[in-house]
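Asker: Numbering-wise, the working numbering comes out as the position in the sequence shown, counting from 1, plus 17.
Glycine included, each C-beta is placed from N, C-alpha and C at the ideal position.
My questions will all concern the structure given below.
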Amino acid sequence: MKTINIAIFVSGGGTNCENIIRYFKDSEQVNTALVVCNKPDAPALEKAQRLGVATQVVTKAELNDREVMLPLMQRYGIDFIVLAGFLPIVPDYLIDAYQRRILNLHPALLPKFGGKGMWGHHVHEAVKAAGETETGMTVHWVTPVCDGGEIIAQFRVALSPDDSVDDIAEKEHQLEMAHFPQVIEEVLRELL
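Right under this line is the structure:
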């Protein structure tokens, strides 16, 4: 039986990263082989290490250097990359090397509230400012166009005019916790 080795790319707290690692912990078909992070002090690193997953901190220069990243991916036998709160733009050479094998989670209903600079609280603030009656999460393929790849799945949640930016963020985050690992599993099933 084939095993797919995934790498999770993160930048921050790592709640999604931890959720994904735990979800696939007993899987015979999906192995979280590596967590890549661009911030050496990100809590995601400690969470991954505590769960027995190898970690690697990469600088912006290293991320953009094919001679660093491709050998790193090969060393861990990485078949698939999951972006879970990874803020840097993924370089084109990595997208080319992993065509339709890099997916991203965006904390809004794309195509609304996407693109450069639209991450984390910035997204939720924009949703609130626009007076949206719903928000949600989008899982999409990564392409050279920021947040422009084909949508794989979306999940929605209703908003109230009384919801604060923090309320919106929490409602959307609950969707991530409930659905992101399952979407990854469905996508990977097609590769098995």
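Give me, in chain order, the residues of the same chain whose beta-carbon lies closer than 7 angstroms to that of Leu-127; leave out the 5 immediate sequence neighbours on both sides.
Answerer: Closer than 7 angstroms at Cβ, skipping near neighbours: Thr-155, His-157, Asp-164, Ile-168.
Asker: With distances taken Cα to Cα, identify the nearest neighbour of Thr-160 among Asn-81, Ile-112, Tyr-40, Ala-71.
Answerer: Looking at the Cα atoms, Ile-112 is the closest of the given residues.
Asker: Use the C-beta contact count for Ser-44: other C-beta atoms within 10 angstroms, 16 or more gives buried, fewer gives exposed.
Answerer: Classification for Ser-44: exposed.
Asker: In the structure shown, what three-state DSSP assignment does Met-135 receive?
Answerer: In the structure shown, Met-135 sits in coil (DSSP, three-state: anything other than H, G, I, E or B).
Asker: Distance, Cα to Cα, Arg-14 vs Val-70?
Answerer: The structure shown does not extend to residue 14, since the chain spans only 18 to 209, so no value can be given for it.
Asker: Give me the Cα-Cα distance between Leu-80 and Leu-100, rounded to the nearest whole angstrom.
Answerer: Near 14 angstroms, if we compare the C-alpha coordinates of Leu-100 and Leu-80.
Asker: Give the DSSP-derived three-state secondary structure of Phe-130 in the structure shown.
Answerer: Three-state result, Phe-130: coil.
Asker: Kindly provide the ranges of any beta strand (DSSP E) runs that are 3 or more residues long and lie completely inside the segment 51-136, ordered along the chain.
Answerer: Runs found: 71-74, 97-100, 119-123.
Asker: Buried or exposed: which applies to Ser-177, given that a residue is buried once 16 or more other Cβ atoms fall within 10 Å of its Cβ?
Answerer: By the neighbour-count rule (16 or more Cβ atoms within 10 Å), Ser-177 is not buried but exposed.
Asker: Which stretch, first to last residue, makes up the alpha helix (DSSP H) that contains Glu-149?
Answerer: Unbroken run through Glu-149: none, as it is neither H nor E.
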